[in-house]
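Read through the structure below, which is laid out as structure tokens, and then see the notes.
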Amino acid sequence: MKTTSLLNLKGGIGKSQTAINTSYNLTTLHNKKVLLIDNDIQGNTSKFFKRYNPIDTKGTAELLRNKAVYVKDLIKHTEYENLDIITANMHLESAMMEVTFDKESSQHDRFREKLEQVSDLYDYCFIDNAPSIGMQVINALCASDEVIIPIQLDNWSLDGLEILTKTVEQIKILNNDIKIAGCLITAYQKNEMTEAAEEWLRTQCNQYIFNQRIRFSKKVSTSTYYNQPLDLFSKRCAAAVDYRRFVKEYLERGEV
Ligand SMILES: Nc1ncnc2c1ncn2[C@@H]1O[C@H](COP(=O)(O)OP(=O)(O)OP(=O)(O)O)[C@@H](O)[C@H]1O
Ligand SMILES: [Mg+2]
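Taking the numbering used here, the leading residue of the sequence shown gets 6, the next gets one more, and so forth.
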């Protein structure tokens, strides 16, 4: 199982959309088995797959809190074959507090140790992170082989990129093998500013920038209303086309 974190400290830049559509496309178009972990108390990804329950304690919170948990007990099937999810809700907040105050045992490798239990069951695990570096995101990074940074081409996002790459460097003390797979430009709209920002990214930034951008498409927010992955909701919209191409690039890059 290859574990990939979607990471950006900025909110609303397409982490969840990328986690959802990449996972779905890997199962339907590439015959892969995928485990999706919702690592955000907002529970957007859990809601999208209609598995959100505000009082359910069997989710990412338990993955973080309970050292003896049997991970299979936390996994829920989605309505899509080969796509399973560990859901999140507000319980994740109290689990984070508990872990932070637990000075008796190690705090950062709760996810890593437990995900090993299911590593033979899935080809990929995607962790849809909150826009912060809390204890649950540190755990995600310690369990991840790589990080994808979704990014929108405005000045603020580019500022955040430096902090993100430094954070991943710091995590290497705890997880030496982690690497940044690349930055993925999301909700792309062509104008002078985005062209200049992309030029800067592709020439001056030290990270790999996926060739494929995800174009802005109104269908994306509508698809969240209908709870359908883009390939199902509107196969021909620009973002659906781009996510299919992105997944292909992601797979090819992984096989290099
Ligand atoms: N390619 C796109 N085209 C148009 N809208 C998009 C696109 N990608 C994402 N969006 C919209 O942007 C908003 C934020 O997307 P998403 O929830 O994936 O971001 P996020 O980074 O996970 O946010 P958060 O940090 O709050 O979890 C949503 O309303 C989504 O519909
Ligand atoms: Mg999100």
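Glycine residues also receive a C-beta, built at the ideal position from the N, C-alpha and C atoms.
On a predicted model such as this, the values are computed, not experimentally measured, just so you know.
Coil, strand or helix - residue i by DSSP
i	result
N134	strand
C263	An answer regarding residue 263 cannot be provided, because it is not within the stretch 6 to 261 covered by the chain.
V142	helix
I60	coil
I46	coil
E86	coil
L12	coil
L40	strand
I183	coil
Y213	coil
Y75	coil
Y231	helix
L189	strand
R218	coil
S177	Residue identity check: residue 177 is Lys in the sequence provided, not Ser. Coil at K177, not helix or strand.
I80	coil
Y127	coil
K52	helix
Q195	The sequence as given places Lys at residue 195; Gln does not occur at that position. Note: K195 maps to coil in three-state DSSP.
E167	helix
I25	helix
K267	This structure cannot settle anything about residue 267, because the visible part of the chain is limited to 6 through 261.
K108	coil
Span separating the alpha-carbon of residue i from that of residue j
i	j	result
S124	S10	15 Å
V39	A148	16 Å
N211	N30	28 Å
I143	G259	23 Å
N13	S137	8 Å
E109	R70	13 Å
E197	D159	11 Å
N181	Y213	19 Å
W161	A243	25 Å
Q47	L68	17 Å
R207	L256	20 Å
I132	Y231	22 Å
L79	N49	17 Å
K37	A202	34 Å
L189	V173	16 Å
N61	L97	The identity of residue 61 in the sequence shown is Asp, whereas the question assumes Asn. Rounded to the nearest angstrom, the two C-alpha atoms are 11 Å apart.
V104	F116	12 Å
Y75	C130	17 Å
V225	N26	10 Å
Q209	I176	23 Å
Buried or exposed by the 16-neighbour rule on C-beta atoms within 10 Å, applied to residue i
i	result
F106	exposed
Q194	exposed
Q217	buried
I168	exposed
K119	buried
V261	Reliability of the predicted coordinates at V261 is poor, the pLDDT of 46 falling under 50, and no value is obtained from them.
G139	buried
M262	Shown here, the chain extends from 6 to 261; a query on residue 262 therefore has no answer.
D45	buried
I178	exposed
Q141	buried
D247	buried
R241	exposed
D164	exposed
Residue i Cβ short of 8 Å to ligand 3 heavy atom set
i	result
K223	Ligand 3 is not part of this structure, which contains only ligand 1 and ligand 2.
Supposed contact pair residue j and residue i - C-beta distance, whole angstroms, cut 8 Å
i	j	result
M3	P59	In this structure the chain extends from 6 to 261, so residue 3 is not present and cannot be described.
T33	D236	7 Å
G19	T191	3 Å
I90	L146	Wrong, their Cβ atoms sit about 20 Å apart, outside the cutoff.
K81	R56	5 Å
Exercise for the section: Kindly provide the chain-ordered list of residues whose Cβ lies closer than 7 Å to any non-hydrogen atom of ligand 2. Expected result: K20, S21, D45, Q47, N49, T50 and D133
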